[in-house]
Structure formats: C-alpha cells, structure tokens
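As you go down the protein sequences, you meet chains A and B in turn.
For the first sequence, my numbering assigns the number 555 to the initial residue and increments by one for each residue that follows.
For the second sequence, my numbering assigns the number 400 to the initial residue and increments by one for each residue that follows.
Beta carbons: idealized from backbone N, C-alpha and C, even for Gly.
From a predicted model like this one, the values you see are computed outputs, not experimental measurements.
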Amino acid sequence: AQKITQTQPGMFVQEKEAVTLDCTYDTSDQSYGLFWYKQPSSGEMIFLIYQGSYDEQNATEGRYSLNFQKARKSANLVISASQLGDSAMYFCAMREGPLNAGNNRKLIWGLGTSLAVNP
Amino acid sequence: DAGVTQSPTHLIKTRGQQVTLRCSPKSGHDTVSWYQQALGQGPQFIFQYYEEEERQRGNFPDRFSGHQFPNYSSELNVNALLLGDSALYLCASSLGGFSYEQYFGPGTRLTVT
Numbered sequence: 555a556q557k558i559t560q561t562q563p564g565m566f567v568q569e570k571e572a573v574t575l576d577c578t579y580d581t582s583d584q585s586y587g588l589f590w591y592k593q594p595s596s597g598e599m600i601f602l603i604y605q606g607s608y609d610e611q612n613a614t615e616g617r618y619s620l621n622f623q624k625a626r627k628s629a630n631l632v633i634s635a636s637q638l639g640d641s642a643m644y645f646c647a648m649r650e651g652p653l654n655a656g657n658n659r660k661l662i663w664g665l666g667t668s669l670a671v672n673p
Numbered sequence: 400d401a402g403v404t405q406s407p408t409h410l411i412k413t414r415g416q417q418v419t420l421r422c423s424p425k426s427g428h429d430t431v432s433w434y435q436q437a438l439g440q441g442p443q444f445i446f447q448y449y450e451e452e453e454r455q456r457g458n459f460p461d462r463f464s465g466h467q468f469p470n471y472s473s474e475l476n477v478n479a480l481l482l483g484d485s486a487l488y489l490c491a492s493s494l495g496g497f498s499y500e501q502y503f504g505p506g507t508r509l510t511v512t
C-alpha cells in the first residue's frame, strides 16, 4: 500500500539558515509524483515543489529544493535561507500512477512537520 | 485570476444534522477533489469529480456525497453528522489529468457539537 512517512513532528531553525525536512515513501508503482505543500495557520495548502519519479534532476523552486533519492525512496525538502514567514506545517504527498485525461490521481499525505523559524 | 474559493469558512453543526460545503475551482480547471483534514493530521482524500462524475473515492462512508456542476464548481454533502466529522475540509482543483498541480482553497472548518 502507498504510504508517506514524515518522522519529524517538529523542527526549529534559525533565521537565514537552511533546514531539511524528511520524507520517505512506499509505493509499488513505477510512475508516481512527489509533492511538498506548506500549510500556514490560515489553513490553505500552498504548493511548493514537485518531483516526478522519472525526473533525473532534483527539482528546485527558488529557495526550495527536493533531494530525491529514488533507491532510498526519500524525497526530502530543503529550504535555504529560512525566513520568519516559513514557519508553518509542511506536508509531503504522493500521487501514484501516470497522469491520464480525467484521472488526476488522488494525493496520499504524510502527517506533516511543524517548522518554527527563530529570529 | 481567481483562485479556489470555498464557502463557508466556518460552520458549526449539531450531531445528526446535514451540511453542504461549496467549492469553486481555479479559473480554467475542470477537476475538483475534496479532502478531510482532522486536527494534527494530514489530509485524507474523500473523492474527486471530473466531467460531473465521481471518478475516484477514498475510504469514506456513503454519508459523504458530492456533486459537480456544469461550471465545474462542486458541493460536498455530509449527512447524519458525527462528532468525528469535525475537521478542516479542503477543496483542490486541477486540470483533469494534464497538470500535476492541485490548487487548494482556504478550507471550511466544520465543528460538530
């Protein structure tokens, strides 16, 4: 069964430093996608970054990068130069299977990691 | 460009009552997914609508039902509310099958007393 595991319930980081949030996954599919979302206290899920299982390069989006290690089934999020506004819950999620018309597969989510950025 | 909108933002209901939550997808999107997020948990997939049909369903009882309208907006209905239905209900929209991104709305926080 597909599963996402986030082993860090809470993390602290000093402003301007980098932080890595861990995510491991389990799937028998060859084709899948991995996502990271940020959820501030307001509740809205904000898309951060995506990595496809066949992508050879690690995904990067501004200060966010995804350390994708397929053999280890890990997809850790690295946030560089942390800012106070980065304080939030961070969720790793997986979409199993390829994209097909009318079949945008559901996301399976981890329990999240609460990140606190200290000034 | 309007993002995903949900209404209402907050709702308080009594056990046994019925509730309807609404979602308007991001402009240009035709697929709507609903998730339930209990306090301290990750979201759980309820169901997904595309072309006005339920295409996928998570492990939720029949008390949870939905609908998608021709303009792609969607409703989530929950009958016979239980205390355990108290959660944040998130709606996500996407372009059916051709976009890996799902855009989420701000959610509806439902409290069942």
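Legend entry - Continuous beta strand (DSSP E) stretch holding tyrosine 579(A): start and end: 578-580
Legend entry - For glutamate 474(B), the first and last residue of its enclosing beta strand (DSSP E): 473-477
Inset, instruction - Would you mind working out which of Val632(A), Ser595(A) and Pro594(A) sits nearest cysteine 577(A), comparing C-alpha positions? - result: Val632(A)
Legend entry - Neighbour list for tyrosine 644(A) in chain B, Cβ cutoff strictly below 9 angstroms: Ordered by position in chain B, no residue passes the 9 angstroms Cβ test against tyrosine 644(A), which lies about 11 angstroms from the chain.
Inset, instruction - Could you name the residues that DSSP lists as bridge partners for methionine 648(A)? - result: Leu588(A) and Ile662(A)
Inset, instruction - Please determine, among Ser426(B), Gly427(B), Gly441(B) and Phe446(B), the residue with the shortest C-alpha to C-alpha distance to tryptophan 433(B). - result: Phe446(B)
Inset, instruction - For tyrosine 448(B), go through chain A and note every residue whose CB falls closer than 8 angstroms to its CB, in chain order. - result: Residues of chain A passing the Cβ test: none, with the nearest at roughly 10 angstroms.
Legend entry - Chain-ordered neighbours of tyrosine 502(B) on chain A, where CB pairs are closer than 8 angstroms: Phe601
Legend entry - Pairwise C-alpha distance: threonine 574(A) and asparagine 672(A): 15 angstroms
Legend entry - Given aspartate 580(A) as reference, the closest of Gln556(A), Lys624(A) and Gly664(A) once Cα atoms are compared: Gln556(A)
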